[in-house]
Each structure stands twice: as structure tokens, then as C-alpha cells.
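Just so you know, the protein sequences line up as chains P and A, in that order.
According to the numbering used here, the residues represented by the first sequence are 19 to 134, in order.
According to the numbering used here, the residues represented by the second sequence are 2 to 118, in order.
We put the beta carbon where it would ideally sit given N, CA and C, even for glycine.
Let me begin by presenting the structure, written as C-alpha cells, before commenting on it.
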Amino acid sequence: AQKVTQAQTEISVVEKEDVTLDCVYETRDTTYYLFWYKQPPSGELVFLIRRNSFDEQNEISGRYSWNFQKSTSSFNFTITASQVVDSAVYFCALSEGNSGYSTLTFGKGTMLLVSP
Amino acid sequence: ETGVTQTPRHLVMGMTNKKSLKCEQHLGHNAMYWYKQSAKKPLELMFVYNFKEQTENNSVPSRFSPECPNSSHLFLHLHTLQPEDSALYLCASSQPNNGGSYNSPLHFGNGTRLTVT
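The structure is reproduced here in C-alpha cells:
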């Protein structure tokens, strides 16, 4: 069975600090996909990134970067120079790639509070 | 109008009421999903429709009844709910996966905040 663990329930930082959100996953499949979503107070989950299990290259998008390590089953998310607008709940999710649609298993989420 | 739209945004209902949640997507996707988000619990998948056919029912009680009349619309009919059903109900849609080599991200609506009294 697949499982996603986000051990950090809540993180508080001051603006301009760097922050890393941890994600550890479990799956028996060799083909799988990992996702990060952001949920601001408005409620909508906003898609941030998808990685497949074949590609361990780290990715950077502006202030966001992701570190995928199969050896430790981790897919961590770092925000550099955090801003107040980054305050939200962040979810890591896993999908096994053997059906015609995506059924995501989510972690419990990490609430990030960025204060000015 | 683009994206995934859910109505109503907030709903308060008694345990004997019947109500429906509506979801509409304007993204041309063929798969639609209902998720339940309760406090301090992971998002729980409830139902999946792929090309209008229900493909997943994640052991959801029968007091929740989904309906997918076409690929753009998804409903969740509610009746005789319990207080523990109070939660944020999220609708999502996605493109079909491409032979397993591409797992489409889900696009979510803002959700319906349901309170059962």
C-alpha cells in the first residue's frame, strides 16, 4: 500500500528565511509519481510540481526547489527567501502510474506560516 | 470562466436534509474526482469518474451518492448525513494518463465547506 508522511505539522519562519518541507513516501511500485500542492486559505489546492520515479534530477523554479532522493524515499520542497504570500498548507502526494487516471494519496500537510 | 468551479462554497444542513454539491470543469478533462478534507486528516479520495463511468468508490457510505452526467459536470448528492461528515469537499479533474508514462496532475476547485448540524 502507498503512504505519504509529512512529519512537520506546522512551521513558522520570518520573511526571507529559507524553509524546507519534508516528504517521505512508501510504495511497492517501481513506476510512480510525486506531487506537491499548495492550499492557501481560499481552499483551492494549487498544483506545484510533478516528478516521475525515473527522473531523480532536482528541479528549481524561481524560489522553489525540489530534492528527490529514491534512496531515502524522500521528495523534499525548499522555499528560498520565503515571503508572506507563501503562507499556506503544503501537501505532498503520491500516485502509482498504472491506471488511466490519477488517484493521489496525500500526506497530512504542513502548514507554513511566514511572518513579516 | 476557466478551471474547476464548485457550488455552493458553504453549506449548512440538518441531518434529515437532502442537498447536492455541484462541480463543473472547463479544462476539457475526462476524469473527475471527489475528495473529502477533514481537520487533521489526509485528503481522502471518495469517488473517481473516468469518461463518465465511475471507476472508484473508496468505501464511501451510501448517504453520499455521486452523479456524473457528462465529462464536465460532477455532483455529490447528500442525504441523512451525520455531524462527522462535516468537512471540506473538494472536486478535481484531470486529463487521462498517457499509457502510464505521464501521470496527470489533478486540478482542484475551491471546495464546498459542509457543516452538518
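* To do: Return the chain-ordered list of same chain residues with a C-beta closer than 8 Å to the C-beta of A:E57, the five sequence neighbours on each side being excluded.
  => L46, F48 and V49
* **Min CB distance P:E62 to chain A below 8 Å** => yes
* **Buried or exposed (CB count within 10 angstroms, at least 16 for buried), A:P9** => exposed
* Asked: Between the segment 72–94 of chain P and chain A, which residues of the former have CB atoms less than 8 Å from a CB of the latter, in chain order?
  -> none
* Can you say whether P:A187 is buried or exposed, counting buried as having 16 or more other CB atoms within 10 angstroms of its CB? => Here chain P covers residues 19 to 134 and nothing more, so residue 187 of chain P does not appear.
* Indicate whether at least one CB of chain P lies closer than 8 Å to the CB of A:H74. => no
* When burial is assigned at 16 or more other CB atoms within 10 Å of the CB, is A:S102 buried or exposed? -> The predicted model places A:S102 with a pLDDT of 45, which falls under 50 and marks its position as unreliable; any figure quoted below should be read in that light. Under this definition A:S102 is an exposed residue.
* **Cβ separation of A:L91 and A:Y36, assumed to be a contact under 8 Å, to the nearest whole Å** => 4 Å
* To do: Could you tell me whether any Cβ in chain P is nearer than 8 Å to the Cβ of A:L89?
  => yes
* To do: Could you tell me which uninterrupted beta strand (DSSP E) segments, each at least 3 residues in length, are contained entirely in the segment 3–64 of chain A, listed from first to last along the chain?
  => Scanning the segment 3–64 of chain A from its first residue to its last, the whole beta strand (DSSP E) runs of 3-plus residues come out as 5–8, 11–14, 19–26, 32–38, 45–51 and 54–58.
* Asked: Per DSSP, P:R69 forms a beta bridge with which residues?
  -> P:L52
* To do: With 7 Å as the C-beta to C-beta threshold (strictly closer), list the residues of the segment 41–59 of chain P near chain A in chain order.
  => Those residues of the segment 41–59 of chain P that come within reach of chain A (Cβ to Cβ, closer than 7 Å) are T49, Y51 and F53.
* To do: Measure the alpha-carbon distance for P:Y50 versus A:L44 and round it to whole angstroms.
  => Those two C-alpha atoms are separated by around 19 Å.
* Looking at chain P, which residues of the segment 107–118 of chain A have a Cβ within less than 7 Å of any of its Cβ atoms? -> L107, H108, F109, G110, N111 and G112
* To do: For A:G15, count neighbouring Cβ atoms within 10 angstroms of its own Cβ and tell me buried if that reaches 16, exposed if not.
  => A:G15 should be labelled exposed.
* To do: Name, in chain order, the residues that DSSP records as bridge partners for P:R81.
  => P:R81 pairs with nothing; no bridge assigned.
* Asked: For the beta strand (DSSP E) that contains P:L39, what are its first and last residues?
  -> V37 to L39
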